[in-house]
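Novice:
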Amino acid sequence: MSDDTTRPRVEPPRELPAGCTFSRRGFLETVGATAGLFMAGAVPAFVSATAPAIAAEGETDDPLAHITKGDGSINYPGKTVHYADPPGDQKWAMVIDVKACIGCRRCVYACVKENNIGRDAGFTYIKVLEMEQGLVDIEHAKADYAEGGRPDKWYLPVQCMQCAEAPCVYGCPVKATWRDPDGIVVIDYDKCIACRNCMVTCPYGARYFNWLEPHVPEAEVNPEVPLEEKHGVVEKCTFCIQRTRNGQTTACTEACPVGARTFGDLNDPDSAVSTLLKTRRVWRLKEEYGTKPMIWYVG
Amino acid sequence: MTENTITRPGVRRIIGVDFDFGALKSAGPRYWAFVSLLITVIGLGVLAWGAALANGGSVMAMRDSYPWGLWFTNYMYYVGLSAGGLVVYASVHLFNAKQFEPLSRLAVLQAGVLVMLALLGIITDMERPWRAVWMLLTPNPSSPFVYTGSAANIYMLICFIDLWILMTGKGGHKLAHRMTLIALPFAIYLHTTTAFVLALNKSRELWNTAVMVPIFLTSATASGIALLLIVAYLMQRFDVMRFKPSMFRSLSTLLSTVIIIDLFLLAVEILTVFWPTAAKPGHALRLAEFFSGPYALAFVPVLVLGIGAFSLLAGSRTRHLPAVQITAAAMYVVAIFLKRYSLMAMGFAIDPLGQYSPPYLPSLTEFLIAAGLLGLGVLIVTLSAKVLPLAVPEHEAHEPAAAEPSLEGPAPANPPALEAG
Numbered sequence: 001m002s003d004d005t006t007r008p009r010v011e012p013p014r015e016l017p018a019g020c021t022f023s024r025r026g027f028l029e030t031v032g033a034t035a036g037l038f039m040a041g042a043v044p045a046f047v048s049a050t051a052p053a054i055a056a057e058g059e060t061d062d063p064l065a066h067i068t069k070g071d072g073s074i075n076y077p078g079k080t081v082h083y084a085d086p087p088g089d090q091k092w093a094m095v096i097d098v099k100a101c102i103g104c105r106r107c108v109y110a111c112v113k114e115n116n117i118g119r120d121a122g123f124t125y126i127k128v129l130e131m132e133q134g135l136v137d138i139e140h141a142k143a144d145y146a147e148g149g150r151p152d153k154w155y156l157p158v159q160c161m162q163c164a165e166a167p168c169v170y171g172c173p174v175k176a177t178w179r180d181p182d183g184i185v186v187i188d189y190d191k192c193i194a195c196r197n198c199m200v201t202c203p204y205g206a207r208y209f210n211w212l213e214p215h216v217p218e219a220e221v222n223p224e225v226p227l228e229e230k231h232g233v234v235e236k237c238t239f240c241i242q243r244t245r246n247g248q249t250t251a252c253t254e255a256c257p258v259g260a261r262t263f264g265d266l267n268d269p270d271s272a273v274s275t276l277l278k279t280r281r282v283w284r285l286k287e288e289y290g291t292k293p294m295i296w297y298v299g
Numbered sequence: 001m002t003e004n005t006i007t008r009p010g011v012r013r014i015i016g017v018d019f020d021f022g023a024l025k026s027a028g029p030r031y032w033a034f035v036s037l038l039i040t041v042i043g044l045g046v047l048a049w050g051a052a053l054a055n056g057g058s059v060m061a062m063r064d065s066y067p068w069g070l071w072f073t074n075y076m077y078y079v080g081l082s083a084g085g086l087v088v089y090a091s092v093h094l095f096n097a098k099q100f101e102p103l104s105r106l107a108v109l110q111a112g113v114l115v116m117l118a119l120l121g122i123i124t125d126m127e128r129p130w131r132a133v134w135m136l137l138t139p140n141p142s143s144p145f146v147y148t149g150s151a152a153n154i155y156m157l158i159c160f161i162d163l164w165i166l167m168t169g170k171g172g173h174k175l176a177h178r179m180t181l182i183a184l185p186f187a188i189y190l191h192t193t194t195a196f197v198l199a200l201n202k203s204r205e206l207w208n209t210a211v212m213v214p215i216f217l218t219s220a221t222a223s224g225i226a227l228l229l230i231v232a233y234l235m236q237r238f239d240v241m242r243f244k245p246s247m248f249r250s251l252s253t254l255l256s257t258v259i260i261i262d263l264f265l266l267a268v269e270i271l272t273v274f275w276p277t278a279a280k281p282g283h284a285l286r287l288a289e290f291f292s293g294p295y296a297l298a299f300v301p302v303l304v305l306g307i308g309a310f311s312l313l314a315g316s317r318t319r320h321l322p323a324v325q326i327t328a329a330a331m332y333v334v335a336i337f338l339k340r341y342s343l344m345a346m347g348f349a350i351d352p353l354g355q356y357s358p359p360y361l362p363s364l365t366e367f368l369i370a371a372g373l374l375g376l377g378v379l380i381v382t383l384s385a386k387v388l389p390l391a392v393p394e395h396e397a398h399e400p401a402a403a404e405p406s407l408e409g410p411a412p413a414n415p416p417a418l419e420a421g
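Chains as they are written, first to last, in the working numbering: chain B, 1 to 299; chain S, 1 to 421.
1) Classify residue 130 of chain B as helix, strand or coil using the three-state DSSP reduction.
2) Check whether chain S comes within 9 Å of residue 123 of chain B, counting only Cβ atoms and requiring the distance to be less than that.
3) Between residue 138 of chain S and residue 174 of chain B, which are expected to be in contact by the criterion C-beta below 8 Å, what is the C-beta distance as a whole number of angstroms?
4) Which whole-angstrom value is the C-beta distance of residue 109 of chain B and residue 179 of chain B, which I expect to be below 8 Å?
5) At least one CB of chain S closer than 9 Å to the CB of residue 129 of chain B: is that the case?
6) For residue 184 of chain S, which residues in the same chain have their Cβ closer than 6 Å to its Cβ, ignoring the five residues on either side in sequence?
7) The beta strand (DSSP E) spanning residue 265 of chain B covers which residue range?
8) With a 10 Å radius around its C-beta and 16 neighbouring C-beta atoms as the bar for buried, classify residue 273 of chain S as buried or exposed.
9) Spatial neighbours of residue 247 of chain S within its chain, please: C-beta separation below 6 Å, excluding the five flanking residues on both sides.
10) Residues of chain S with a CB under 7 Å from the CB of residue 203 of chain B: which are they?
11) How would you list, in chain order, the residues of chain B whose beta-carbon sits under 7 Å from the beta-carbon of residue 110 of chain S?
12) Is it right to say residue 74 of chain S is buried, meaning 16 or more other beta carbons lie within 10 angstroms of its own, or is it exposed?
13) For residue 146 of chain S, I'd like the list of residues in its chain whose CB is within less than 7 Å of its CB, leaving aside the five on either flank, ordered along the chain.
14) Got a sec: does the ligand SAH put a non-hydrogen atom nearer than 8 Å to the Cβ of residue 373 of chain S?
15) Assuming contact is defined by CB atoms lying nearer than 9 Å, are residue 117 of chain B and residue 159 of chain B in contact in what I supplied?
16) Let's test the definition: count the other Cβ atoms within 10 Å of the Cβ of residue 50 of chain S and tell me whether it reaches 16, buried, or not, exposed.
17) Comparing the C-beta of residue 78 of chain B with each C-beta of chain S, is any distance below 9 Å?
18) Alpha carbon to alpha carbon, what distance is there between residue 307 of chain S and residue 225 of chain B?
19) Bridge partners of residue 158 of chain B, per DSSP?
20) Whole angstroms is fine: what's the gap from residue 144 of chain B's alpha carbon to residue 62 of chain B's?
21) Going along the chain, which residues of its own chain have a beta-carbon closer than 6 Å to the beta-carbon of residue 67 of chain S, five neighbours each way excluded?
22) Using a threshold of 9 Å, state whether the C-beta atoms of residue 167 of chain S and residue 388 of chain S are closer than that.
23) If we count the other Cβ atoms within 10 Å of its Cβ and call it buried at 16 or more, is residue 247 of chain B buried or exposed?
24) I'd like to know if the stretch 362-371 of chain S and the stretch 202-220 of chain S are in contact, where contact means that at least 3 CB-CB pairs between them fall below 8 Å.
25) Residues of chain B with a CB under 9 Å from the CB of residue 322 of chain S: which are they?
26) For residue 14 of chain S and residue 337 of chain S, what's the separation of their Cα atoms in angstroms?
27) Excluding the 5 residues flanking residue 9 of chain S on each side, which residues of the same chain have their C-beta closer than 7 Å to its C-beta?
28) Can you tell me which residues form a DSSP beta bridge with residue 185 of chain B?
29) With three or more C-beta pairs closer than 8 Å as the rule, is the stretch 77-86 of chain S touching the stretch 110-125 of chain S?
30) Under DSSP, the beta strand (DSSP E) around residue 234 of chain B begins and ends at which residues?
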C-alpha cells in the first residue's frame, strides 16, 4: 500500500522536469540563440545559489546551520563603530514571546535611557504594536495605544531586526551603514550623509532621523553611547552593541518584567535562543520580504 | 557666428560663444524689475537655507514618517521636466524632425538648467553638504541613489557641453548628431534610475511596481514638452526667437501623444492594484488614499488636468489656437507636479508598520528654498534670453530675417525689448 502511494509521488517529479527542459530546449533553438544564452546564464546561477543551501540543511548535524552559516557581513569595512568592541565570533539573535508580552513598554523606556535617545526626538528604537485578537494585521495595528495589558488585544514589539539581507544596508549610497560579522547592523554617524534612503528601504520602519539635536538630561547621559554625533544623522537599535559585546545582555531584555525577550548567540548550540529556535515553532515578521530578520517571534 | 554679431558693440566672445552683454544695457525697466524680483526670491531662498543649516532639519516639515519632502518632489519633477526638452532636441537629429530645429538650443538650455536645479535641491537638503564626497569615495553599487546622482551630474555636463557645441557650431552637424546619441540614452537612463529610487523598495508597496519606470519616462517627457512649449511661446512673445505656427502644431501633437500614453500607464496601474484577483491589501489600501484621503485633493486634479489637457489638444478645431495649446501645456505641467508630490508623499503616509501620518505640507523654510531655486532657474533663462545666442541662425530657420536674435525689429514695447538698434 505505502509503496504504491509513494512511487507515483516520487517518480513523476523526477521525470517531468527532464522532459520539460528537453522539449523546451528544442523549442528554444528554433526561437533564437539569444534566449538560449539568457537561459544558459540564468539557470546555473539559480541552481548554484539554491542547491548548496538545501543540501547543507539536510546534511549537517546543526539544525540552525542554514541560518548561522549563510548570514555574513554586508559592506563591512573591516572596522566597527568607534564606541563598540570589535565583533567576536557570535551570531546575535533575539526571540520575543508575544504570548508573554503585556505591552507595558518597559523595554521602550529602558532602551531610551540606555541608548541616549533624545527625550524630545519623537521616536524610540522599539515600537510596540497593539493588534486585535485573531489577526496579524500590521496595516491596522496601533502603536500609540494608551495602556497595555488589555486581555482583548495582543502586543508585538518591533525594532531593528538586524536583517541578514538588510535592505537598508543595500540602500545606503555611501556605505555609511553595514552589517558586522556578528550580525549587528551599525551606522557610522560621522559618515551618514542624511539622505534618509535607509529609512525608506526599511520594511520595519526601524530607522529614525535626528531632526533635532538629541537632548538628554545631563544626569541621564550614558557615556558609553554617542550623543552629539547623532544630530542630523540616522540612528537605530544596535542590539545594545556597547553592552552585548562585553558579555551583557540588551537593555530591553533586562527590563522586560515578564521575560518575553531572550537574547543570545546562535553559534552556541546550547544558548537560550538556539534552544528556543530548535524546540519551539517560531516566525519572523514579513518573512516573505526575504530580509532574513534576526529577531524571531514565538507564542 | 556670423561677422554681423561680432561687429556689434557689447558683444564679447568667451570660449567661442558670443555673449551679447550690450543687450543687457539696452534692456527695459520691466526686464530689470523682473530680474530684481527674481534676485529677491533667490535671496530669501539663501536666507532660508542658512536658517536650515543653522537650526537643523527640524525647521523642515519632514519627519520620520516623511523622510523626504519637497526637495525630493522637485528632484523628480525637475529631472523629469528636463527630459522633454532633450527628446525634442534629439528628435531633430534622430528622426529628422526639422520643424523642431529652431528649438534645439532652447531645449538643451532648459534641460541643463532644470537638472542643475534638481541637484541643488539635494544639496540644500543636506545638513552637511560636504559629506556628499563619500558618494565618490565609497559608492555602494546596490543603492539606486548612486546611479541617479551620478547620472544627473553627468547629464548636466552633457547638456551644457551640448549647448556650447550648438551655440559655437563647432564640429557642425556631425558632432551635434553624435552628442544626441550620447545625450538621449543618458536622459532615459537618468529617468529610469530616478524611478528606481522609488520603485526598488519592497518596503513601500505603493512604489514597488515596475510600471513606475515607464510612467516616469512618459510623465517626464510630457511635462518637459509642455514646459518647452510654454517657454517657446514666451520667447516669441518677448521677441527673443521666432517660430512657425506649424512648429507649435507639431509640438502639441507630440505632447498629446505622450499624455495619452502617460494616462494609459496610470490606468493600467490603478486597475492592477484594485482588481479583485490581483489586489494585495497593503498596496490597495495605500493607493485608495489617492482617491479618498486628504491626498485626493492633490491626486484627483492630476486625473482631471491630465484628461482635460488631452481633450483640449484632441479637439481638431481648437487645437491650433495658441491659447489652447498654452492652457493644455500649463495644465499638464501642473498635473505632473501634483502627481510627483502625491506619489512621493502618499508612499510615506502609511508607514511599513501600518501607522498613518497626517498629510505632509512643506514648511515655510522648505517652500522658500524651493522658490529660491526656481527663481535661480528662471533668472538663468531670463539672462540667457538676452545674452546667449539662443536663436538658431541661417539655413534651417524659417525666416532669413530671424538669423540673429538681436537683428529682430523693435519689440512691441515689452520688457525685454531687445535692442534699440
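Note that the Cβ used here is the ideal one computed from N, Cα and C, for glycine as well.
Specialist: By the coordinates alone:
1) Stepping through the first sequence from its first residue, residue 130 of chain B is reached at position 130. Strand.
2) Along the first sequence, one-based indexing puts residue 123 of chain B at 123. It does: the Cβ of residue 123 of chain B has a partner Cβ on chain S nearer than 9 Å.
3) Stepping through the second sequence from its first residue, residue 138 of chain S is reached at position 138. Stepping through the first sequence from its first residue, residue 174 of chain B is reached at position 174. Indeed, because the Cβ distance is near 6 Å, the residues count as touching under 8 Å.
4) In the first sequence, residue 109 of chain B corresponds to position 109, counting from 1. In the first sequence, residue 179 of chain B corresponds to position 179, counting from 1. Going by Cβ atoms, the distance from residue 109 of chain B to residue 179 of chain B rounds to 28 Å, so no, they are not a contact pair.
5) On the first sequence, position 129 is the one that residue 129 of chain B refers to. Yes, contact with chain S.
6) Counting from one through the second sequence, the residue named residue 184 of chain S turns up at place 184. Correct list, in chain order: 90.
7) On the first sequence, position 265 is the one that residue 265 of chain B refers to. Looking at the DSSP string, the run of the beta strand (DSSP E) that includes residue 265 of chain B is 261-265.
8) Indexing the second sequence from 1 puts residue 273 of chain S at position 273. Buried, because 16 or more other Cβ atoms sit within 10 Å of the Cβ of residue 273 of chain S.
9) As a working mapping, residue 247 of chain S is identified with position 247 in the second sequence. Within the same chain, residue 247 of chain S has close Cβ partners 99.
10) Reading the first sequence from its first residue, position 203 is the one you call residue 203 of chain B. 202, 203 and 352, listed in chain order.
11) Here residue 110 of chain S corresponds to residue number 110 of the second sequence, with the count starting at 1. Within 7 Å Cβ-Cβ: nothing; residue 110 of chain S doesn't reach chain B, min ~27 Å.
12) To locate residue 74 of chain S, count along the second sequence from 1; it is residue 74. It counts as buried.
13) Taking the first residue of the second sequence as position 1, residue 146 of chain S is located at position 146. The residues are 135, 139 and 140.
14) By its list of ligands, the structure shown contains no ligand whatsoever, and the ligand SAH lies outside what it can speak to.
15) Here residue 117 of chain B refers to the residue found at position 117 of the first sequence. Here residue 159 of chain B refers to the residue found at position 159 of the first sequence. No, these two residues do not count as a Cβ contact at 9 Å.
16) One-based indexing of the second sequence puts residue 50 of chain S at position 50. The residue is exposed, with fewer than 16 neighbouring Cβ atoms inside 10 Å.
17) Position 78 of the first sequence holds residue 78 of chain B. Not one chain S Cβ lies under 9 Å of residue 78 of chain B.
18) In the first sequence, counting from the first residue as 1, residue 225 of chain B sits at position 225. In the second sequence, counting from the first residue as 1, residue 307 of chain S sits at position 307. So the two alpha carbons sit approximately 56 Å from each other.
19) Residue numbering aside, residue 158 of chain B sits at position 158 when the first sequence is read from its first letter. DSSP, once it has assigned bridges, lists B:127 as partnering residue 158 of chain B.
20) As a position in the first sequence, residue 144 of chain B is number 144, starting the count at 1. As a position in the first sequence, residue 62 of chain B is number 62, starting the count at 1. So the alpha carbons of these two residues sit roughly 41 Å apart.
21) Stepping through the second sequence from its first residue, residue 67 of chain S is reached at position 67. Contacts found: none.
22) In the second sequence, residue 167 of chain S corresponds to position 167, counting from 1. In the second sequence, residue 388 of chain S corresponds to position 388, counting from 1. In contact: residue 167 of chain S and residue 388 of chain S (Cβ atoms closer than 9 Å).
23) Working through the first sequence from its first residue, we reach residue 247 of chain B at position 247. That one is exposed.
24) no
25) Residue numbering aside, residue 322 of chain S sits at position 322 when the second sequence is read from its first letter. What residue 322 of chain S touches in chain B: nothing, since even the nearest Cβ is about 43 Å away.
26) The residue given as residue 14 of chain S occupies position 14 in the second sequence. The residue given as residue 337 of chain S occupies position 337 in the second sequence. Residue 14 of chain S and residue 337 of chain S: Cα-Cα distance of roughly 37 Å.
27) As a first step, residue 9 of chain S must be located in the second sequence, where it is residue number 9. For residue 9 of chain S, where only same-chain residues beyond five positions count, the Cβ hits under 7 Å are 22.
28) Within the first sequence, residue 185 of chain B is the residue found at index 185, counting from 1. B:179, per the DSSP bridge assignment.
29) yes
30) Here residue 234 of chain B corresponds to residue number 234 of the first sequence, with the count starting at 1. It spans 234-236 - the beta strand (DSSP E) in which residue 234 of chain B sits, taken as one unbroken run.
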